[in-house]
Amino acid sequence: MLYGVCEAFMEGAKEVKKIGETTYHWKMEIAGRAVEFDTELVEAVENQRIAWKSIGDFASKGSWSFEPAAEGTNVGYVMDYEIPGIMGAIFDKLKISKEMEKGMNQSLQTLKKILEGK
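Rendered as structure tokens:
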């Protein structure tokens, strides 16, 4: 399943380890900082959708969607997250959201190359 091999294509993902039936421990580098957190897989529909939410202090959730297209597959990614406190909000606007967008664009390009065998 795609969720179990994210470090192969996701920018900043250093290690994703399965720790339970539907739970994973992530080690990432985000905006130059090492971050660790756990997630729970909340939906998995083969070739259609993968959705997850974080467990613990780091409030986040996201999903991947896959839709057939004329020449392949359209892949979508949505992520919502919250950095606590006023400093988190300021830091997010200044650095993290831009880094996350840049990293996700790179991740999508890498995933495309992997899936297309390039």
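Following our numbering, the numbering of the sequence shown begins with -3 at its first residue and continues without gaps. Cβ coordinates follow ideal geometry from the N, Cα and C atoms, glycine included.
Local Cβ density within 10 Å of residue i, reported as buried at 16 or more and exposed below that
{"i": "Ile110", "result": "exposed"}
{"i": "Met75", "result": "exposed"}
{"i": "Gly68", "result": "exposed"}
{"i": "Gly8", "result": "buried"}
Cβ-based neighbour list, residue i, same chain, cut-off 7 Å, excluding 5 preceding and 5 following
{"i": "Met6", "result": "Ser103"}
{"i": "Phe33", "result": "Trp22, Ser50, Gly52, Phe54"}
Spatially closest choice to residue i from the options, by CA coordinates
{"i": "Gly16", "options": "Thr35, Ala27, Gly28", "result": "Thr35"}
{"i": "Lys94", "options": "Ala4, Ile26, Thr19, Ala9", "result": "Ile26"}
{"i": "Ala40", "options": "Trp60, Ala66, Ala30, Met24", "result": "Trp60"}
{"i": "Asn138", "options": "Glu97, Gly72, Ser56", "result": "Outside the modelled stretch of the chain, which goes from -3 to 114, sits residue 138, for which no answer is possible."}
Inter-residue Cα distance where the pair is residue i and residue j
{"i": "Lys10", "j": "Asn70", "result": "26 Å"}
{"i": "Gln108", "j": "Met100", "result": "Note that residue 108 is Lys in the sequence shown here, rather than Gln. Spanning the two alpha carbons is a distance of roughly 12 Å."}
{"i": "Tyr77", "j": "Glu112", "result": "30 Å"}
{"i": "Lys14", "j": "Glu97", "result": "25 Å"}
{"i": "Val31", "j": "Gly58", "result": "17 Å"}
{"i": "Gly28", "j": "Ala4", "result": "19 Å"}
{"i": "Gln105", "j": "Met24", "result": "19 Å"}
Close Cβ partners of residue i (< 6 Å) along its chain, the five nearest in sequence each way excluded
{"i": "Glu63", "result": "Asn70"}
Close Cβ partners of residue i (< 8 Å) along its chain, the five nearest in sequence each way excluded
{"i": "Leu37", "result": "Tyr(-1), Thr18, Thr19, Tyr20, Ile46, Ala47, Trp48"}
Item to complete: Output the residue ranges of the beta strand (DSSP E) runs that lie fully inside the stretch 34 to 69 and measure 3 residues or longer, sorted by chain position.
Response: Those beta strand (DSSP E) runs which fall completely within the stretch 34 to 69 and span 3+ residues are 45 to 51, 55 to 65.
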